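Trainee: Provided herewith is a single structure, encoded as structure tokens, for subsequent inquiry.
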Amino acid sequence: MIKTITITGVLLAAVVFNANAQDTDRINRLEKEVREINLRLSKLESLLSKTSKANEHVTPGEGWKSVMNWRKLTTDMDYSDVQKTLGEPHRVDGGRSAYWYYQNGGYVTFMDGKVYQWREPRQ
């Protein structure tokens, strides 16, 4: 009986030790992955910061030159909101559906006076 209890205890200890070792390995892998993700995020934030600083100096009325201004567009904007954000378009095709084209290849599509969709200029 004591021999059975001893063997059971040793087996139980081995199982617990093995499970603990697996958990430790898993935690170490996850911590490494989090460090790598944080590093990647820092690099991306740095690039984003450089991009937005490069686009900050835009002459009034020429907001269409800044990608950051294109990213301010929303579907609830009307003509005047877009004009304030991007400036005057280079060309307009109108009607119930209106299309505003800008010199840098970007455009805004309006449906019933509200922004329906847009395409940012290619950089």
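Letter by letter, the sequence shown follows residues -7 to 115 of our numbering.
Just so it is clear, CB atoms sit at the ideal spot from N, CA and C, and this is done for glycine as well.
Here the structure is a predicted model, which means the values were calculated and not measured.
1) Could you check which residue in Glu28, Met103 and Tyr93 has the C-alpha nearest to that of Glu80?
2) Between the beta-carbon of Thr77 and the beta-carbon of Val107, is there less than 8 Å?
3) For Asn30, is the classification buried or exposed, using 16 other Cβ atoms within 10 angstroms of its Cβ as the cut-off for buried?
4) Please state whether DSSP places Ser58 in a helix, a strand or coil.
5) Got a sec, what are the start and stop residues for the alpha helix (DSSP H) Gln75 sits in?
6) Using the rule of at least 16 other Cβ atoms within 10 Å of the residue's Cβ for burial, across every protein chain shown, is Gly55 buried or exposed?
7) Roughly how many whole angstroms lie between the Cα atoms of Leu4 and Glu25?
8) Can you tell me whether Met(-7) is buried or exposed? The criterion is at least 16 other CB atoms within 10 Å of its CB, across all chains shown.
9) In the DSSP assignment, the beta strand (DSSP E) including Arg111 goes from what residue to what residue?
10) Between Thr(-4) and Leu36, what straight-line distance do the alpha-carbon atoms span, to the nearest angstrom?
11) Sort out for me which residues DSSP pairs Arg83 with in a bridge.
Mentor: To lay it out plainly:
1) Within the sequence shown, numbered from 1, the residue matching residue 80 stands at position 88. Looking at the Cα atoms, Tyr93 is the closest of the given residues.
2) Here residue 77 is taken as the residue at index 85 of the sequence shown, counted from 1. Here residue 107 is taken as the residue at index 115 of the sequence shown, counted from 1. Result no, Cβ atoms of Thr77 and Val107 do not sit closer than 8 Å.
3) By 1-based counting over the sequence shown, the position of residue 30 is 38. Exposed, since its Cβ has fewer than 16 Cβ neighbours within 10 Å.
4) Position 66 of the sequence shown, counted from the first residue, corresponds to residue 58. Looking at Ser58 - three-state DSSP - the assignment turns out to be coil, as it is neither helix nor strand.
5) The residue labelled residue 75 in the question sits at position 83 within the sequence shown. Run containing Gln75: Tyr71 to Leu78, per the alpha helix (DSSP H) assignment.
6) In the sequence shown, residue 55 corresponds to position 63, counting from 1. Buried is the call here.
7) As a working note, residue 4 is residue 12 in the sequence shown. As a working note, residue 25 is residue 33 in the sequence shown. Each residue's alpha carbon lies about 32 Å from the other.
8) Numbered from its first residue, the sequence shown carries residue -7 at position 1. Counting Cβ neighbours within 10 Å, Met(-7) comes out exposed, since fewer than 16 surround it.
9) Position 119 of the sequence shown holds residue 111. Where Arg111 is concerned, the enclosing beta strand (DSSP E) stretches over Lys106 to Arg111.
10) Position 4 of the sequence shown holds residue -4. Position 44 of the sequence shown holds residue 36. Their Cα atoms are separated by approximately 60 Å.
11) Mapped onto the sequence shown, residue 83 falls at position 91. Arg83 pairs with Tyr93.
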